[in-house]
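There are 2 protein chains.
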Amino acid sequence: MNVRYDRIARVQARMREEGLVAIVVMNHDDYRYLFGTDRAQPRALIPASGPPELIAFTGEEPELRASLREGRVLVFGSIGGQIHDVVGRLRDIVASLGVPPTPKPKVGMQMWFDTPAFLVDMFRRVNPELELVSSDPVMDPLRMVKDEGELALMTEAQRIAGIGMDRACELLRPGVTAREVATEALYAMMRAGAERTSTPIYVNFGVETCMLHGRLSPRPLERGDLAVIDLTPQVEGYCANLARTFVAGQPDERQRDLLDAYAELIPAVREAMRPGATVAALDAIAGEVLRRRGLEAYQVNGIGHGLGLRFEETPASTIIAPHRNVPLREGMTMTIGHTILAIPGFGGVRHEDVYRVTPAGGEILLPYPIDPVIAT
Amino acid sequence: MNVRYDRIARVQARMREEGLVAIVVMNHDDYRYLFGTDRAQPRALIPASGPPELIAFTGEEPELRASLREGRVLVFGSIGGQIHDVVGRLRDIVASLGVPPTPKPKVGMQMWFDTPAFLVDMFRRVNPELELVSSDPVMDPLRMVKDEGELALMTEAQRIAGIGMDRACELLRPGVTAREVATEALYAMMRAGAERTSTPIYVNFGVETCMLHGRLSPRPLERGDLAVIDLTPQVEGYCANLARTFVAGQPDERQRDLLDAYAELIPAVREAMRPGATVAALDAIAGEVLRRRGLEAYQVNGIGHGLGLRFEETPASTIIAPHRNVPLREGMTMTIGHTILAIPGFGGVRHEDVYRVTPAGGEILLPYPIDPVIAT
Numbered sequence: 235m236n237v238r239y240d241r242i243a244r245v246q247a248r249m250r251e252e253g254l255v256a257i258v259v260m261n262h263d264d265y266r267y268l269f270g271t272d273r274a275q276p277r278a279l280i281p282a283s284g285p286p287e288l289i290a291f292t293g294e295e296p297e298l299r300a301s302l303r304e305g306r307v308l309v310f311g312s313i314g315g316q317i318h319d320v321v322g323r324l325r326d327i328v329a330s331l332g333v334p335p336t337p338k339p340k341v342g343m344q345m346w347f348d349t350p351a352f353l354v355d356m357f358r359r360v361n362p363e364l365e366l367v368s369s370d371p372v373m374d375p376l377r378m379v380k381d382e383g384e385l386a387l388m389t390e391a392q393r394i395a396g397i398g399m400d401r402a403c404e405l406l407r408p409g410v411t412a413r414e415v416a417t418e419a420l421y422a423m424m425r426a427g428a429e430r431t432s433t434p435i436y437v438n439f440g441v442e443t444c445m446l447h448g449r450l451s452p453r454p455l456e457r458g459d460l461a462v463i464d465l466t467p468q469v470e471g472y473c474a475n476l477a478r479t480f481v482a483g484q485p486d487e488r489q490r491d492l493l494d495a496y497a498e499l500i501p502a503v504r505e506a507m508r509p510g511a512t513v514a515a516l517d518a519i520a521g522e523v524l525r526r527r528g529l530e531a532y533q534v535n536g537i538g539h540g541l542g543l544r545f546e547e548t549p550a551s552t553i554i555a556p557h558r559n560v561p562l563r564e565g566m567t568m569t570i571g572h573t574i575l576a577i578p579g580f581g582g583v584r585h586e587d588v589y590r591v592t593p594a595g596g597e598i599l600l601p602y603p604i605d606p607v608i609a610t
Numbered sequence: 235m236n237v238r239y240d241r242i243a244r245v246q247a248r249m250r251e252e253g254l255v256a257i258v259v260m261n262h263d264d265y266r267y268l269f270g271t272d273r274a275q276p277r278a279l280i281p282a283s284g285p286p287e288l289i290a291f292t293g294e295e296p297e298l299r300a301s302l303r304e305g306r307v308l309v310f311g312s313i314g315g316q317i318h319d320v321v322g323r324l325r326d327i328v329a330s331l332g333v334p335p336t337p338k339p340k341v342g343m344q345m346w347f348d349t350p351a352f353l354v355d356m357f358r359r360v361n362p363e364l365e366l367v368s369s370d371p372v373m374d375p376l377r378m379v380k381d382e383g384e385l386a387l388m389t390e391a392q393r394i395a396g397i398g399m400d401r402a403c404e405l406l407r408p409g410v411t412a413r414e415v416a417t418e419a420l421y422a423m424m425r426a427g428a429e430r431t432s433t434p435i436y437v438n439f440g441v442e443t444c445m446l447h448g449r450l451s452p453r454p455l456e457r458g459d460l461a462v463i464d465l466t467p468q469v470e471g472y473c474a475n476l477a478r479t480f481v482a483g484q485p486d487e488r489q490r491d492l493l494d495a496y497a498e499l500i501p502a503v504r505e506a507m508r509p510g511a512t513v514a515a516l517d518a519i520a521g522e523v524l525r526r527r528g529l530e531a532y533q534v535n536g537i538g539h540g541l542g543l544r545f546e547e548t549p550a551s552t553i554i555a556p557h558r559n560v561p562l563r564e565g566m567t568m569t570i571g572h573t574i575l576a577i578p579g580f581g582g583v584r585h586e587d588v589y590r591v592t593p594a595g596g597e598i599l600l601p602y603p604i605d606p607v608i609a610t
């Protein structure tokens, strides 16, 4: 276990600024960020001051203790219900910090897709004297800017996504099924070092390329089809995102229009991806390209999203609308290509890559060719 | 789309009994159960009376309408924030049902691992005039008993898990890595028809077999190691669960003790898996076997859990403690072998399969050999 005391200290400083007495960690991404490793059931308490505590479950305590090379992290062995034991520890923490009981002391928790609603509910029920709040205001400013080690892992994840895309390309011929493409691409990525994918693999053919969130198309690829493939392997928790659109044969005029528009939109958005810009501003630039090409009716907002240890991190404007106006910061990692440019009932196009925000615009982590035409 | 009007009618009848005005569906499992298909973002409203409504997002509406072969399901196109649009529709539903505004009308939502805490929070914030409650009291009694079609899919999923286990066995030799075993087992299962796995694949070697929730062990398999493998492929959303323990070579005495105890515990629990039994009662039977063998100190409660369209369904006593006392019903599907029998710092053993509750005891869906000794 490679505990990141530097990060924990920064989190605690921000907790004090935000008036939080503790953060309850129940997610793989925050756990990895703070403790430098993963655990099947990641559970920890970070008080506003003092050593962090790992919550161990039956049988797990000796192993957790052994993995800590020194004593600056406490291990708290839960023997009963996790939530009830955590409640007890939180009371101790509140008492030790000398926080008055009114207004209610605030405890932070990550509230994204991977925090189960029933645990939050249960927590609130057994903790009426505490106010449960989102830990985003503490964690986001720290996690959104990536250090060099993080960038190296994200670049490696993009490299593995490229290996999966290479394999998918080899198979994209009329008659192939989406399941076959997904199975082989996943296998290629796992063999290349992916731990898993952070989302299901998307392989969409024909009219199904219109869908905002793809899946595996049921019918095999046909000559003339558009095909959208989106791959999201993870390396040490860090997420990649690589999507490409292909045409099985020579594109027809509408397909060509969509492909050309997307190809023009990407460098325009990348150029504007600088500190201070917002997703709203990037969408406006994409919209301008589409307007000039008469395709503005098909724009879907949310051209990019943040990513890192979570597949969608702030700004994630298609999940949390106010993120449209979050100013980008230098060193953030974001995609361009999140939203499909689709003519309903016909098909859609997108190419997605990961960039680092710099004063000179978005810097791609690892280039992968955009080469949509497949000889059939 | 194969809308299950029979199930929807039963859900609506139970909603009226439980005093719910509507259920908001946001999970793949409930969506599949009611609409006979999956969708990337499954969203629907089931009012206590009247036609169900699918919530479509930008661009998705034509496709959804086309997939409905008749008009008994409404499609409601959301153009803005999902939550806000759903709120508007819920107000209409409450008005159309003529429900008085006090006490607050109750709306149900599934609140397990896959319902994001932030959506529930947002829903409560924008819906102060409604009371949000768990939909379990409505859905559980219906979903826990499986019909023949469901049993066929679950049996097929177990068959595919067996194919993965066969492949894992071939590879389990000293020097193999957990990652290699997991990658190859996953590939074998995907090729055999698995959509995905419902949990990460667990491959644990040596002392790491102690862990309640496994992961991929970092160091390669060594001669004399215990190895626990747990596979969870899904077929049309239905989950399998097959775990086996192996020894790389001849078991030593403690390994043999654990293996013999688990082998004796399974038929004893299976015999008792009848309507009216509870997980607490099954744990007591397992405990009795362990006591006779002097291993009672190592018992972990929660010998089995329900499964179906969700990997853990009611009874899921290791997640929700009161489920220990839920009486089993004929036709429920449950595992035996959920909890590890482990000597801390040494290693653990478990074999998990899926059974159907019958008056004659648990009926295994598909037998798979328990044959732990691997020639090395």
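Chains as they are written, first to last, in the numbering used here: chain B, 235 to 610; chain Y, 235 to 610.
For each residue, glycine too, the CB sits at the ideal point set by N, CA and C.
Treat the numbers as computed from the prediction; the structure is a model and nothing was measured.
For residue i, I'd like the list of residues in its chain whose CB is within less than 8 Å of its CB, leaving aside the five on either flank, ordered along the chain.
i, result
"ILE397/Y", "ALA422, MET423, ALA426"
"VAL341/Y", "LEU254, VAL255, ALA256, ILE257, VAL258, LEU324, ASN361, LEU364, GLU365, LEU366, VAL367"
"VAL503/B", "LEU516, ILE519, ALA520, ILE537, GLY538, ILE570, GLY596"
"VAL354/B", "MET343, MET345, LEU366"
Got a sec? Which residues, its chain only, sit under 6 Å from residue i by beta carbon, not counting five neighbours each side?
i, result
"LEU499/Y", "ALA520, VAL523"
"LEU492/Y", "LEU575, VAL583"
"ARG244/Y", "LEU376"
Just checking: is the beta-carbon of residue i within a distance shorter than 9 Å of some beta-carbon in chain B?
i, result
"ASP263/Y", "no"
"THR417/Y", "yes"
"MET235/Y", "no"
"GLU547/Y", "no"
"PRO371/Y", "no"
"GLY542/Y", "no"
"GLU365/Y", "no"
"ILE289/Y", "no"
"GLU252/Y", "no"
"GLU390/Y", "no"
"PRO434/Y", "yes"
Using a C-beta cutoff of 9 Å, does residue i count as contacting chain Y?
i, result
"SER368/B", "yes"
"GLY565/B", "no"
"ALA274/B", "yes"
"GLU382/B", "no"
"PRO362/B", "no"
"ARG277/B", "no"
"GLU429/B", "yes"
"GLU294/B", "yes"
"ILE554/B", "yes"
"GLU597/B", "no"
"PRO603/B", "no"
"GLU297/B", "yes"
So, for residue i: in the same chain, excluding its five sequence neighbours on each side, which residues have a beta-carbon less than 7 Å away from its beta-carbon?
i, result
"GLU564/B", "PRO509, VAL591, THR592, PRO593"
"GLU294/Y", "none"
Please identify, using Cβ separations under 7 Å, the residues of the stretch 326 to 358 of chain Y that lie next to chain B, in order along the chain. MET345, TRP346, PHE347, THR349, PRO350, ALA351, PHE352, VAL354, ASP355
Taking contact to mean 3 or more Cβ pairs, one atom from each stretch, closer than 8 Å, check whether the stretch 364 to 376 of chain Y and the stretch 402 to 413 of chain Y are in contact. In this structure the stretch 364 to 376 of chain Y does not touch the stretch 402 to 413 of chain Y; the number of beta carbon pairs closer than 8 Å is below three.
Decide if the stretch 464 to 474 of chain Y is in contact with the stretch 458 to 465 of chain B; the criterion is three or more beta carbon pairs, one per stretch, under 8 Å apart. no
Examine the Cβ distances between the stretch 526 to 542 of chain B and the stretch 573 to 588 of chain B and report whether three or more of them are shorter than 8 Å. yes
Which ranges does the beta strand (DSSP E) cover as unbroken runs of at least 3 residues, wholly within the stretch 543 to 575 of chain B, from first to last along the chain? 567 to 570
Selection of the stretch 486 to 512 of chain Y by Cβ proximity to chain B, strictly under 7 Å: none
Counting only runs of 3+ residues fully inside the stretch 414 to 441 of chain Y, write out the beta strand (DSSP E) ranges in chain order. 436 to 439
With a threshold of 8 Å, are at least 3 pairs of Cβ atoms found where one atom belongs to the stretch 330 to 349 of chain B and the other to the stretch 507 to 514 of chain B? The answer is no - the stretch 507 to 514 of chain B does not touch the stretch 330 to 349 of chain B, with fewer than three Cβ pairs under 8 Å.
Residues of the stretch 392 to 425 of chain B in Cβ contact with chain Y at a cutoff of 9 Å, in chain order, please. ARG413, GLU414, ALA416, THR417, GLU418, LEU420, TYR421, MET424, ARG425
Are at least three pairs of beta-carbons, each pair with one atom in the stretch 373 to 387 of chain B and one in the stretch 538 to 558 of chain B, less than 8 Å apart? yes
Taking 8 Å as the threshold, find out whether the stretch 485 to 493 of chain B comes into contact with the stretch 438 to 453 of chain B through three or more Cβ pairs. no
Can you pull out the residues from the stretch 574 to 593 of chain B whose beta carbon lies closer than 9 Å to at least one beta carbon of chain Y? If the cut-off is 9 Å between Cβ atoms, the stretch 574 to 593 of chain B has ILE574, ALA576, PRO578, GLY579, GLY582 near chain Y.
At which residue ranges does the stretch 358 to 414 of chain B contain complete alpha helix (DSSP H) runs of 4 or more residues, listed in the order of the chain? 370 to 377, 382 to 405
If you scan the stretch 448 to 517 of chain Y from start to end, which runs of the beta strand (DSSP E) of 3 or more residues do you find wholly inside it? Complete beta strand (DSSP E) runs here, min 3: 460 to 465, 467 to 469, 476 to 482.
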